[in-house]
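Asks: This is the structure, below, for whatever I ask next.
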Amino acid sequence: MSSMDNGERSANRFRDDDLDVIVVIGSGAGGGTLANELCQKGINVVLLEAGKHNQPEDFINDEWPSLEQLAWLDERTTSGSWQIATDFPDLPAWTCKTVGGTTTHWAGCCPRFKDWEFRVRSELGPVDGASLLDWPIGQSDLEPYYDKAEDRLGVTRTNGIPALPSNNNFKVMGNGARRVGYKGVSTGRMAINPVPRDGRPATIQDGFNYQGDKQRAHWSTLTAEIPRAEATGRLDLRPESMAIKVEHDNAGSVTGVLYADADGNERRQKARAVCVACNAIETARLLLNSDSSLFPDGLANSSGQVGRNYMRHVTGAVFATFERPVRMYRGETMAGTVSDESRNDPGRGFLGGYYMEVHSLGPAFLANFLSPRAWGRDFAEIMEQYECMAGMYLVGEDMPQADNRVTLNRDVRDQFGQPVPNVHFDDHPNDTAMRDHAYASGASIYDAVDATATFRVPPYPAAHNLGTARMSARAEDGVVDAFGRAHDVPNLFVSDGSVMTTGAAANPTLTIVALALRQADHIEERLKAGML
Amino acid sequence: MATVTAVARTLYPHDALPDGVYARVGEKLADAAGEDSATARTIEEGCDGLNEHGLFVELAPDARVEALRGIEGSEFFELVRGTAVVEVYSDERTWRLVGYEGPSFDKGGYIDRGFNDLDWLPDPEEAP
Chain A
1 MSSMDNGERS
11 ANRFRDDDLD
21 VIVVIGSGAG
31 GGTLANELCQ
41 KGINVVLLEA
51 GKHNQPEDFI
61 NDEWPSLEQL
71 AWLDERTTSG
81 SWQIATDFPD
91 LPAWTCKTVG
101 GTTTHWAGCC
111 PRFKDWEFRV
121 RSELGPVDGA
131 SLLDWPIGQS
141 DLEPYYDKAE
151 DRLGVTRTNG
161 IPALPSNNNF
171 KVMGNGARRV
181 GYKGVSTGRM
191 AINPVPRDGR
201 PATIQDGFNY
211 QGDKQRAHWS
221 TLTAEIPRAE
231 ATGRLDLRPE
241 SMAIKVEHDN
251 AGSVTGVLYA
261 DADGNERRQK
271 ARAVCVACNA
281 IETARLLLNS
291 DSSLFPDGLA
301 NSSGQVGRNY
311 MRHVTGAVFA
321 TFERPVRMYR
331 GETMAGTVSD
341 ESRNDPGRGF
351 LGGYYMEVHS
361 LGPAFLANFL
371 SPRAWGRDFA
381 EIMEQYECMA
391 GMYLVGEDMP
401 QADNRVTLNR
411 DVRDQFGQPV
421 PNVHFDDHPN
431 DTAMRDHAYA
441 SGASIYDAVD
451 ATATFRVPPY
461 PAAHNLGTAR
471 MSARAEDGVV
481 DAFGRAHDVP
491 NLFVSDGSVM
501 TTGAAANPTL
511 TIVALALRQA
521 DHIEERLKAG
531 ML
Chain B
533 MATVTAVART
543 LYPHDALPDG
553 VYARVGEKLA
563 DAAGEDSATA
573 RTIEEGCDGL
583 NEHGLFVELA
593 PDARVEALRG
603 IEGSEFFELV
613 RGTAVVEVYS
623 DERTWRLVGY
633 EGPSFDKGGY
643 IDRGFNDLDW
653 LPDPEEAP
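Protein chains in written order, with my numbering: chain A, 1 to 532; chain B, 533 to 660.
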């Protein structure tokens, strides 16, 4: 058993040469959920997490200090024609490095993927410049796991859980949407407790959804999955443990993970199987960095698809000012959705769909994101209208492209001497057309409730990072099979949003959790069948 | 750092804010300069450039804007702007000015403090 004598780090529960354990790398939506599910099934798990074990009471209600505490700020580089490479060249993604991963940062939106979104290649046909592919599974394969995930996450409007109430920001967007003629208007399906549930309290409408939830009313792997896993006695959580390479034997099966511990010392944990769930950029980086004479282009990369087809959703935001106060920062940040545009209707001038979701930022982040690099009196006057401002986030399906990809930048090294990831991205014309349509729709909603001005805000560093180890029916088209198992390596799994063949319009966390729950069942079956 | 403070006020001019808000930018950059000689040189040379034809702090507001337009995009400009946008809009005095209430958890959130107090629109009609 672990001990915390003299304030020292608890001893590891499992020996580093214990060949029975499964190593899960990353403790976010995919890895944290998978680790707990395996523990519940009686399987011993070593969970490596690069970040610290911050607790909800440590979280900070202040945007920049919170970013310093939770965000993944290790060095990265960018290239390509996307605006992020200009506006935020060192920060392509806004994900987290802390126990709980990016579930500490998410706002809780839980739409399911639609049936047709699993077979976009068949639905849409070939699209110039896009590497579209149908998923090897359909919605019917995921349905029981969506049911389980919604119960697990405590999603409002499912399982008898009531809806969240309207907050100020939603009153503005919702009324505007109704006046425009939209019907799919609601406070949404949210993984936030409106009433106490599952050992966690109800929301106190305290905002700060992107800064970690001090109240614990939001589902996160930090507060919901990992404590349950620890209670089984089968979890060995190792924070501040940065995976460097996944190692393999001469036969091409993985044998364990080389990682750097909190003191920067290299350690090696043996494993029966390894599950990679580091978020799409780091997952691809780890596989590529695990190259060897047997896998010269990176582990599980005989297809050449590792790191490719990187998707980040078509995103953007619309803010608007009004004559009267809104106070958009009060209440749950994203509790409001307009879903009417989440359909495929090529008559709009683009393929795929998007959602509009209420969204707010504090003055500190708004000043940084509203119009990056803007300054002067006009800008200051907009900021002075903060109290009378409403906001929404736009999120839609982007086109996978083979050359939108994560590669290793061998010219730049991290604190462990490893090459940093470079993220290359060019918008597809369909992405641009969708974003323009979404900007216009969002502005029309605010104009319908008499906005004094509307502002089209360019994409932020991405919270939704997908596709870099995609699922495919055929080994030559992707990295993993229908259960997230590597085509090339029998005991290597990918367990995060990297596996998404296409990204759909929906916020991805619910689907990542459903896929992790399904993968856990598959791993258990393979263990029982003596195949792992 | 008087020049930096004046640059910060010119970048994000809120007339009702005291100089102390903008002085944060100079303090932050003084710290950065103390840690890194290249940063110190960037700041010193940037300030010298702005003061070359008369002190920046003594320029009229329009002339200050014009001077900054002349160096927009330079390393010095981006250093001061990037620091100012964080410091000015993270200051409680700015928050009060623009109508933002800051940390909420310790006050019990907004469940009883107006998360839904907007009274100029009704609750929207919702889909199931």
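Glycine included, C-beta positions come from ideal geometry on N, C-alpha and C.
1. Just the Cα atoms here: how many angstroms apart are A402/A and I84/A?
2. Along chain A, which residues have their Cβ under 7 Å away from the Cβ of P635/B?
3. What do you reckon, are the CB atoms on G254/A and V274/A nearer than 8 Å?
4. Give the DSSP bridge partners of T337/A, in chain order.
5. What is the residue span of the alpha helix (DSSP H) that K245/A lies within?
6. Between the stretch 138-146 of chain A and the stretch 354-365 of chain A, are three or more C-beta pairs nearer than 8 Å?
7. Under 8 Å Cβ-Cβ, which residues of chain B neighbour V185/A?
8. Report yes or no: is there a C-beta of chain A within less than 8 Å of the C-beta of V597/B?
9. For a quick check, are the C-beta atoms of N44/A and F14/A less than 8 Å apart?
10. To be precise: take each residue of the stretch 539-554 of chain B, compare its Cβ to all Cβ atoms of chain A, and keep it if any distance is under 7 Å. Which residues remain?
11. Could you compute how far the alpha carbon of V557/B sits from the alpha carbon of L510/A?
12. Quick test of your reading: E384/A and Q211/A, contact by CB under 8 Å. State the CB separation rounded to the nearest angstrom.
13. Chain B partners of S342/A, CB-CB under 9 Å?
14. Who are the Cβ neighbours of A572/B in its own chain at under 7 Å, not counting the five residues just before and after it?
15. Can you list, in chain order, the residues of its chain with a C-beta nearer than 8 Å to that of E387/A? Leave out the 5 residues immediately preceding and following it.
16. At 7 Å on the CB atoms, spell out the chain A contacts of V617/B, in chain order.
17. Compile a chain-ordered list of the residues in the stretch 152-174 of chain A whose CB is closer than 9 Å to at least one CB of chain B.
18. Just grab the DSSP bridge partners of Y393/A for me.
19. Measure the alpha-carbon distance for M1/A versus A317/A and round it to whole angstroms.
20. Tell me whether N409/A sits in a helix, a strand or coil according to DSSP, three-state version.
21. With a threshold of 8 Å between beta carbons, is N648/B in contact with chain A?
22. In chain A, which residues lie less than 7 Å from T626/B when you measure between Cβ atoms?
23. In chain B, which residues lie less than 8 Å from E533/A when you measure between Cβ atoms?
24. Identify each residue in the stretch 203-227 of chain A for which the Cβ-Cβ distance to at least one residue of chain B is less than 8 Å, and report them in chain order.
25. Mapping DSSP to helix, strand and coil, what is N422/A?
26. How about the stretch 428-437 of chain A and the stretch 113-133 of chain A: do they share at least three Cβ pairs that are nearer than 8 Å?
27. Does DSSP put V597/B in a helix, in a strand, or in coil?
28. I'd like to know if S606/B contacts chain A, where contact means its C-beta is closer than 8 Å to some C-beta of that chain.
29. Which residue from S441/A, Q415/A, P458/A, M392/A puts its Cα closest to that of A335/A?
30. Let me know the secondary structure DSSP gives F493/A once reduced to three states.
31. Would P194/A and T156/A qualify as a contact pair, given that the criterion is a beta-carbon distance under 8 Å?
32. State whether the stretch 284-292 of chain A contacts the stretch 38-58 of chain A, with contact taken as three or more CB pairs (one from each stretch) at a distance under 8 Å.
33. Can you tell me the Cα-Cα spacing of F588/B and A555/B, whole angstroms?
34. Provide the residue(s) that pair with P266/A in DSSP beta bridges, ordered along the chain.
35. Thinking just about the alpha-carbon of each residue, which of W375/A, P458/A, G298/A is nearest to the one in L408/A?
36. For D5/A, which residues of its own chain have a beta-carbon under 8 Å away from its beta-carbon, when the five flanking residues on both sides are left out?
Replies: The short version:
1. On the first sequence, position 402 is the one that residue 402/A refers to. On the first sequence, position 84 is the one that residue 84/A refers to. Approximately 19 Å, taken between the alpha carbons.
2. Stepping through the second sequence from its first residue, residue 635/B is reached at position 103. Contacts between P635/B and chain A, judged by CB atoms closer than 7 Å, involve N61, D62 in chain order.
3. Within the first sequence, numbered from 1, the residue matching residue 254/A stands at position 254. Within the first sequence, numbered from 1, the residue matching residue 274/A stands at position 274. Note on residue identity: the sequence assigns Val, not Gly, to residue 254/A. Cβ distance < 8 Å, so V254/A and V274/A count as in contact.
4. Position 337 of the first sequence, counting from 1, holds the residue named residue 337/A. DSSP lists S186/A, E357/A as the bridge partner or partners of T337/A.
5. Residue numbering aside, residue 245/A sits at position 245 when the first sequence is read from its first letter. In the DSSP assignment, K245/A falls outside any alpha helix (DSSP H) and within the unbroken beta strand (DSSP E) covering 242-248.
6. They do not touch, by the three-pair rule.
7. Counted from its first residue, the first sequence places residue 185/A at position 185. Within 8 Å Cβ-Cβ: P656, E657, E658, A659.
8. The residue you call residue 597/B lines up with position 65 of the second sequence. For V597/B, the answer is yes, since a Cβ of chain A falls inside 8 Å of its Cβ.
9. Translated into positions along the first sequence, residue 44/A becomes position 44. Translated into positions along the first sequence, residue 14/A becomes position 14. With contacts defined as CB atoms closer than 8 Å, N44/A and F14/A qualify as a contacting pair.
10. Listed in chain order, the positions of the stretch 539-554 of chain B with a beta carbon within less than 7 Å of a beta carbon of chain A are L543, Y544, P545, H546.
11. Walking along the second sequence from the start, residue 557/B turns up at place 25. Walking along the first sequence from the start, residue 510/A turns up at place 510. Within the model, the alpha-carbon separation for V557/B versus L510/A is close to 42 Å.
12. In the first sequence, counting from the first residue as 1, residue 384/A sits at position 384. In the first sequence, counting from the first residue as 1, residue 211/A sits at position 211. At roughly 24 Å, the Cβ-Cβ gap does not stay under 8 Å, so E384/A and Q211/A are not in contact.
13. In the first sequence, the residue the question calls residue 342/A occupies position 342. Listed along chain B is no residue with a C-beta nearer than 9 Å to that of S342/A; the closest approach is about 13 Å.
14. Numbered from its first residue, the second sequence carries residue 572/B at position 40. Excluding positions up to five away in sequence, the list reads A565.
15. Residue mapping note: residue 387/A aligns to position 387 of the first sequence, counting from 1. Closer than 8 Å at the Cβ level, and outside the excluded window around E387/A, lie P325, V326, R327.
16. Residue mapping note: residue 617/B aligns to position 85 of the second sequence, counting from 1. For V617/B, the residues of chain A that pass the 7 Å Cβ criterion are A367, N368, in the order they occur in the chain.
17. Here the close residues are R157, A163, P165, S166, N167, N168, N169, F170, K171, V172, M173, G174.
18. For the purposes of this step, residue 393/A is identified with residue 393 of the first sequence, where counting begins at 1. A317/A, E357/A, per the DSSP bridge assignment.
19. For the purposes of this step, residue 1/A is taken as the residue at position 1 of the first sequence. For the purposes of this step, residue 317/A is taken as the residue at position 317 of the first sequence. In this prediction, M1/A has a pLDDT of 36, which is less than 50 and means its spatial position is unreliable; nothing more can be read from the coordinates.
20. In the first sequence, counting from the first residue as 1, residue 409/A sits at position 409. It is a strand residue.
21. Sequence index remark: in the second sequence, residue 648/B carries index 116 (1-based). True, the Cβ-Cβ gap to chain A drops below 8 Å.
22. Working through the second sequence from its first residue, we reach residue 626/B at position 94. Under the 7 Å cutoff, chain A gives P363.
23. Given that chain A is displayed from residue 1 to residue 532, the structure contains no residue 533/A and the question cannot be resolved.
24. Cβ contacts with chain B: T203, I204, Q205, D206, G207, F208, K214, Q215.
25. Within the first sequence, the letter at position 422 stands for residue 422/A. The three-state reading of DSSP puts N422/A in strand, counting E and B together.
26. Here the stretch 428-437 of chain A makes contact with the stretch 113-133 of chain A; the two share three or more CB pairs at distances below 8 Å.
27. On the second sequence, residue 597/B is found 65 positions in, with the first residue counted as 1. Here DSSP, grouped into helix, strand and coil, assigns V597/B to helix.
28. Locating residue 606/B in the second sequence gives position 74, where the first residue counts as 1. No, S606/B does not count as interfacial toward chain A.
29. As a first step, residue 335/A is located in the first sequence; it is residue number 335 there, counting from the start. When each option's Cα is compared against that of A335/A, the closest is M392/A.
30. By 1-based counting over the first sequence, the position of residue 493/A is 493. Reduced to three states, the DSSP call for F493/A is strand.
31. Position 194 of the first sequence, counting from 1, holds the residue named residue 194/A. Position 156 of the first sequence, counting from 1, holds the residue named residue 156/A. Between P194/A and T156/A, the CB-CB gap stays under 8 Å.
32. No, the stretch 284-292 of chain A does not touch the stretch 38-58 of chain A.
33. Within the second sequence, the letter at position 56 stands for residue 588/B. Within the second sequence, the letter at position 23 stands for residue 555/B. Taking C-alpha positions only, F588/B is separated from A555/B by approximately 15 Å.
34. Numbered from 1 along the first sequence, position 266 holds the residue referred to as residue 266/A. One detail in the question is off: residue 266/A reads as Glu in this sequence, not Pro. Looking at the DSSP assignment, E266/A forms a beta bridge with A260/A.
35. To locate residue 408/A, count along the first sequence from 1; it is residue 408. It is G298/A whose Cα lies nearest to the Cα of L408/A.
36. The residue you call residue 5/A lines up with position 5 of the first sequence. Note that D5/A scores 39 on pLDDT, short of 50, meaning its location in the model is unreliable and no value can be drawn from it.
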